Structures are given as C-alpha cells and as structure tokens.
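So the protein lines, in turn, are chains A and B.
Numbering follows our numbering, with no gaps: position 337 of the first sequence is 337.
Numbering follows our numbering, with no gaps: position 167 of the second sequence is 167.
Presented below is the structure to which this report refers.
Number of protein chains: 2
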Amino acid sequence: MATDPVSPRRSRRGSGAVTLHDVAKLAGVAPITASRAINTPEQVSEGVRKRVADAIGRTGYVPNILAGGLASARSRLVAAVVPTISGPVFLETIQSLTGALAERGYQLMLGQSGYAGDREDALLAAIIGRRPDGIVLTGIMHSAEGRKRLLGAAIPVVETWDLTPTPIDMLVGFSHVEVGRAVAQFLHAKGRRRLAVVSGNDERAKRRQDAFAAAARALGLQDVRIVVVPAPTTLRSGRDALAELMRTAPNVDAVFCSSDLLALGVMTEAQARGIRTPQQIAVVGFGDLEFAESLHPALTTVRIDGTAIGRQAARFIVDRAEGREVEQRVIDIGFAVVERGTT
Amino acid sequence: MATDPVSPRRSRRGSGAVTLHDVAKLAGVAPITASRAINTPEQVSEGVRKRVADAIGRTGYVPNILAGGLASARSRLVAAVVPTISGPVFLETIQSLTGALAERGYQLMLGQSGYAGDREDALLAAIIGRRPDGIVLTGIMHSAEGRKRLLGAAIPVVETWDLTPTPIDMLVGFSHVEVGRAVAQFLHAKGRRRLAVVSGNDERAKRRQDAFAAAARALGLQDVRIVVVPAPTTLRSGRDALAELMRTAPNVDAVFCSSDLLALGVMTEAQARGIRTPQQIAVVGFGDLEFAESLHPALTTVRIDGTAIGRQAARFIVDRAEGREVEQRVIDIGFAVVERGTT
DNA sequence: GTGAAAGCGCTAACAC
DNA sequence: GTGTTAGCGCTTTCAC
C-alpha cells in the first residue's frame, strides 16, 4: 500500500478539516456558490440552498473565519482593552459589549494593559496584528506612541468611560469633572461640611477628586482631605484609608470614594470602629455595582450605565465595519447620583 | 495620468497596509527571508536581521497574524468560555490566563455562554470557526452535542473548576464533593449542629451542597436546610436567603454559602437584624475573593487558587500548540478551608 | 443564478 | 543562509 509514486508531491497538506470545497463538491456546485448559499442565501436558488445545507449537516462543516477574514479584509473580531479584568468597574461594559457583538456575529478579544501601561505597546501590536474590525479602549490612558499606531492602523476605535476633548475616533463616556462637582454639591446640600476623598491612583479618579475638591472650595468649605490608594482599589484599601483619615482628620463628616468597593471598605472600617453611618460619617461610592443598593445601610453612589456604554460601543463598531457612516461620534452617556442610606 | 491601459486589471486591491512583501523589497531580500528574520532570527545572518529590522522601523509594518495563522494552521488565539463575566468567581482565572497567554504571544478570545446554556451551540460554532489553538472551558456544563463538536474539531480543550470523571481532553480543577464534605466536617468540628446551605442554582454548587448535606447526615446532624437562589449569585440573594431561613428555621447556627458574595449578603442581613456573627450564626463562603479577608468579621471561606488554574490552563494549551506532549492531563488543584472570624 | 480565475498575506516544503 | 514555489480556505471580480 505504498503511496502512488506517480502523483506529484502534495506540497502542503491541509488541516484535515472539512472545507467549503468539500461541501461544494458534495452539493454538486462550485465553491463560490456554496459560499453564497451560506452568506447571502437570497442570491441562490431554493434548490442550491437546500443541497448546501444538507451537505453542511452531513459533513459538520464549520467555516474558517480566519480564511474568510483574510479574503474579505473583515475579521469580525473586536478587541477590548482594559487595565485589568479584576477591577469590577468595567465588567458590566465588557459583558454587554460581548453580548451585543455576539448577536451580530462578532467576537471579542480581550487584552489587559495593566494600570502601569508598560505592556501597552506590545499589547497594541498584538491587537493590530489581528486586524480587528474595531478596538474598544476602556479606562485606559494611551501613550502618544499608541495613539499614532492606532491612527495609522486605520481601525475604528471607541474610547469609553471618559470624555476627552480630542478623541482618537469615537467615544462613549461621561465627564469625570462633572461627577466630582455633582458629588461635592450633593454632600454640601446634605449639610456635610468636612469632606474627604479616598481615591484610586488612576487618572480618571484623580480628575473626579480634583473637581470635587475645587467644587468644595467654591462652596466655601474647608480644604478637602485626600487619601490616595493604589489602583486597582480594594475593600482593604478602603479600610486602611478610613483608618488613616481617623488618625489625621477625625472630624470629617463625609467621604467620597472612587469605587464602590472602596466605599464598602470605608463602611466596614467605620462599623468596626463603632462609627455610625450616615449619622457620623456619610459615604458615597462610585460605579453602583450590584451590591451597592443591598448593603446595610444602602450605599449612596454614582451610577454609570456600563451596559449602555458597551452596547453603544458595539453599535459604533459594527456600523463602521459594515460601511455605515457614524454621524454622531461622541456620546455623553451621563451619570446619576443615586441617593441611598449612607448619606 | 490615466492608469496604464495595457496593464492587466488588478483584480483585487489589498487593504493598503504595509505587507511583508514591502518590507522584504525594502530590505532587498525575499519575503520568506524577511519572515525568518522576524520569526526565527537565529536562522538568518546578522546583516539581513539588521536590514529587515530597519525596514520594519521605517514602514511601521505590523505582521498580519490572520494570514500567518491561515498559512501555518496556528492562530495563536485561545478561546475562553465563561457563563458570565460578571460572576466574580472566574475573574482571577481569566486574568491569569490572559496574562500567561500574552507572555507567550497568544491572545484570549472571550465568550459568554450564559448560565442557561442555550447560546452555547452558537458560541461554540463561532469559536471553532476561528480555529483557536485551544479552548478553555470555565465553569460550564456543555451539552453532549457540544462535546461532540469539540472532539470533532480536534482543538485542545481544557476544562476547569471541576473534576469530571470523563474529561473531554485536559482538566484543571478540584472536587466539589470534597469541598462540601470538608466544610460540613469543619463546621461540625466547630461545634455547629444546625446547618444550612445557601446555594446558587448551578450544577457545581449543587454538588457541593449535596455532599455537604450527605456529610452532615453522616455526622449524625439533623437535616440540612437548603435555600437555592438563582445564578449568578448576588449580595441581594444572600440577604433574601437568610431572611427566608429566619422564617423557616430560625435556629440554624451555621450557613455554607456557594459564593463569597452570597456570604456577604448573609452577613449583611444578619447585621441588619441584629444577629451576631459568629456568636449566633457562623458563615462560610466560597471563592476567597479579595474582600473576604477584609470584612468585619473576616469571612471564613473556601480558597480556590484561580490564578494557578489560569496559569496551568495556559501552559497546557501552549504546550500542545507547540507540539509538546502533555503527560499529565488531569490536575487536581485542590482547595483550602480558610478559617477566619465568621466561624 | 452560477461559475472561473485570481488573490488576501503569510509560511511549509523543498531546493541550492 | 537564502530563495522558489505552492498553497492555507476563503471571497472578490468579472463573465456568462
């Protein structure tokens, strides 16, 4: 049973998987016709459609999207970049993004840049190399170098969770400055006069914190106490931060935290020390994670509609990938201060 | 400046991006030599290496990994499937998986199956269509149909967070039965006699719960009270569950929760009702999320090393993708009952 | 409505 | 060490 000595060498052997070619042969049509039966069924006759469907069923054919993407210059892949997946803040966005893309036949590729942003360039190269149909940047500060590469790659980009004056391309976000200001005014209106901030060490949180402090000053309040903790924020750092505040400024009567987890930490530490919330100290979080409204007392926080951000980002990218022009490239999704028991 | 009427039609025009071809021409070598200079630099001469690097720098060339993948039948893409990204349990695994893969030049593609598992088949088709070099299944119960497709696709598969007697391929997990048993014994040893379980409605949690109940019976304890809540579990459902327990079995003295979030809910409700933890009721969680040890009192829970699971899954897949044989295909990562303040 | 030819950008296989 | 050739599996372009 030696191999046929006459046949020319098969210089490459395929992966062995069923290809469109096999399906077409089985259905008795040309490959391109089988392709049309799958992708644009309205272009082929009833009979062909049936035979191709039948052949697919019998062979278990699964189209090779890589090959299709190479031929059509559309990968149906969208990249999302987050600082870290463990920070629960962006989860809602990622989840809705994944879902909205999957509905339309796109898949999500996940990249973590780290808060430090050192791996960012390597990550960007890995992403661009896959020629995704779009890139969603989430809570990340990109370098000038990164911006240039992104622009050069001509891939649709959606920046999220922020409102920058000079977006790379498209943007779905909200104003961190407005958030800081709104919370300061809210606490002032509630009669709080000695404000503090506990903030993760990241760029956006810092902007909220600065706007918060500035607004407090404008309202005639004494200087806002500021405690900065490392990003990503944790319950532990919230506890530590309140402990520090109690040492350095025991008379503060309200704390604005840069995440709900941090707020939970502050509440936990307060409880452990017998400090009553909201009577002695008011707490405001940021994010409105699922647990916020179920805490005891329920947490006053800033609600960001992460699901809407993800959904809109998906729409932006799919529209562009499918050749539809996006008229409104910047969307301010807004935010809401949700008043609950801790204030 | 009309186009040359003699030249044959360029039947397709490329994406316009810089290709390996352009780099090779600029460096004065053949494309394959440029390819080698990039991928296996030890195979080319110093001079070529330099000229190619230079040409890349000047053109801003980014290799098209899709094309490379098609040619080499290696996509350098790994798919991960989770029920939902919002359930914090698997985050640690996903994070370490993403990181470990990125280090080795692989990218992660994320798919959400939903706890219902209805979208699972469509998701599987979308994944297989991209010919990933591996698939990591995380906390998901796949259908017989799904198993068949996975087997048929001949893609390395790592199942995680469980120990099944009949793995599809490779596996990194632990025994949920052992966990349930260990926690029951632990609580019994602590002197607790009236046990309850609050469990998310998913297959693995159910196995822990059943083993817990069986072990309690074996220890001569009265029947374990069981409250089942919908998956994914939330703080809210934990609160509701304790409320229900207090109605139906006010004398329980220990609750084993199927997630730390659920445990936090139980603790919150207990606090709201003035029930003291651990004096009146002991609480045990599952997962050992970051916040567990910082709660007040600190939460006794079951620690699963999600980072190790992700790291090992990455190693499994990269080994297989690079042709190394994996000798030990099933790894029991174990677990630990971490005793803290709530018991 | 269907098909033939060409090629997307890269690498495996085989020379030299 | 370097190059030639032939494809990977699909879709675009053009023709019938």
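The C-beta atom is built at its ideal place from N, Cα and C for all residues, glycine as well.
A quick note: this is a predicted structure, and the numbers were derived from the prediction, not measured.
Residue i vs residue j beta-carbon contact at 8 angstroms
| i | j | result |
| --- | --- | --- |
| B:Leu123 | A:Leu70 | no |
| A:Phe286 | A:Asp260 | yes |
| A:Met376 | A:Leu77 | Because chain A here runs from 1 to 343, residue 376 of chain A falls outside it and cannot be looked at. |
| A:Ala314 | A:Asp133 | no |
| B:Gln271 | A:His296 | yes |
| B:Ala126 | A:Gln107 | yes |
| B:Ala292 | B:Ile333 | no |
| B:Ile317 | B:Pro156 | yes |
| B:Arg303 | B:Asp319 | no |
| B:Arg239 | B:Gly265 | yes |
| A:Phe347 | A:Leu163 | The question about residue 347 of chain A has no answer here: the residues shown for chain A are numbered 1 through 343. |
| A:Leu299 | A:Phe256 | no |
| A:Ser199 | A:Ser258 | yes |
Distance between residue j and residue i (C-alpha atoms, nearest Å)
| i | j | result |
| --- | --- | --- |
| B:Arg247 | B:Val197 | 15 angstroms |
| B:Gly99 | B:Thr233 | 27 angstroms |
| B:Val229 | B:Leu151 | 33 angstroms |
| B:Ala24 | A:His21 | 33 angstroms |
| A:Ser72 | A:Glu159 | 26 angstroms |
| A:Glu92 | B:Thr84 | 10 angstroms |
| A:Glu178 | A:Ala211 | 7 angstroms |
| B:Arg36 | B:Ile56 | 13 angstroms |
| A:Thr40 | A:Ser143 | 42 angstroms |
| A:Arg324 | A:Arg147 | 24 angstroms |
| B:Ala2 | A:Val326 | Because B:Ala2 carries a pLDDT of 35, less than 50, the predicted location of this residue cannot be relied on, and the following value inherits that uncertainty. Cα to Cα, B:Ala2 sits roughly 33 angstroms from A:Val326. |
| A:Ser86 | A:Thr33 | 46 angstroms |
| A:Asn251 | A:Ala184 | 17 angstroms |
| A:Gly16 | B:Ala153 | 10 angstroms |
Residue i: contacting residues in chain B (beta-carbon distance under 7 angstroms)
| i | result |
| --- | --- |
| A:His296 | Thr268, Gln271 and Ala272 |
| A:Pro31 | Ordered by position in chain B, no residue passes the 7 angstroms Cβ test against A:Pro31, which lies about 16 angstroms from the chain. |
| A:Ala34 | Those do not exist, as A:Ala34 stays about 15 angstroms from chain B at its closest Cβ, beyond 7 angstroms. |
Proximal residues of chain B, C-beta to C-beta of residue i below 8 angstroms
| i | result |
| --- | --- |
| A:Ala308 | Per Cβ cutoff of 8 angstroms: no residues; A:Ala308 is ~15 angstroms from chain B at best. |
| A:Leu70 | Asn64, Leu66, Ala67 and Leu70 |
Reduced DSSP secondary structure (H/G/I, E/B, other) of residue i
| i | result |
| --- | --- |
| B:Asp332 | strand |
| B:Val18 | coil |
| A:Gln43 | helix |
| A:Glu290 | helix |
| A:Arg104 | coil |
| A:Ser96 | helix |
| B:Ile127 | helix |
| A:Ala282 | strand |
| B:Ile226 | strand |
| A:Arg303 | strand |
| A:Arg58 | helix |
| B:Gly180 | helix |
| A:Thr268 | helix |
| A:Glu159 | strand |
| A:Pro5 | Residue placement at A:Pro5 is poorly supported in this model, since its pLDDT is 35, which falls under 50; the coordinates are not used for a value here. |
| B:Leu66 | helix |
| A:Cys257 | strand |
Buried versus exposed call for residue i [16 or more other C-beta atoms within 10 Å across all chains shown]
| i | result |
| --- | --- |
| B:Glu103 | exposed |
| B:Gln312 | buried |
| B:Pro88 | buried |
| A:Arg276 | exposed |
| A:Gly220 | exposed |
| B:Gln209 | buried |
| B:Thr268 | buried |
| B:Pro360 | Any question about residue 360 of chain B goes unanswered here, given that chain B covers just 1 to 343. |
| B:Gly129 | buried |
| A:Asp169 | buried |
| B:Ser45 | exposed |
Under 9 angstroms from the C-beta of residue i: neighbouring residues of chain B
| i | result |
| --- | --- |
| A:Gln280 | Those within 9 angstroms of A:Gln280 in chain B number zero; the least Cβ separation is about 17 angstroms. |
| A:Ala263 | What A:Ala263 touches in chain B: nothing, since even the nearest Cβ is about 12 angstroms away. |
| A:Gly341 | Here the premise fails: no neighbours, minimum Cβ distance about 11 angstroms. |
Interface residues of chain A facing residue i [CB-CB closer than 7 angstroms]
| i | result |
| --- | --- |
| B:Asn64 | Gly129 and Arg131 |
| B:Arg303 | The contacting residues do not exist; B:Arg303 stays about 16 angstroms from chain A at best. |
Chain-ordered chain A contacts of residue i [CB-CB under 8 angstroms]
| i | result |
| --- | --- |
| B:Glu92 | Ser86 |
| B:Thr234 | Glu290, Phe291 and Ser294 |
| B:Thr98 | Ile85, Leu110, Gly111 and Gln112 |
| B:Gly60 | Arg149 and Gly152 |
Proximity test, residue i beta-carbon vs the ligand ADP heavy atom, cut-off 7 angstroms
| i | result |
| --- | --- |
| B:Gln185 | Among the components modelled here there is no ligand, and therefore nothing to report on the ligand ADP. |
Closer than 9 angstroms at the beta carbon, the chain A residues around residue i
| i | result |
| --- | --- |
| B:Arg239 | Ser294 and His296 |
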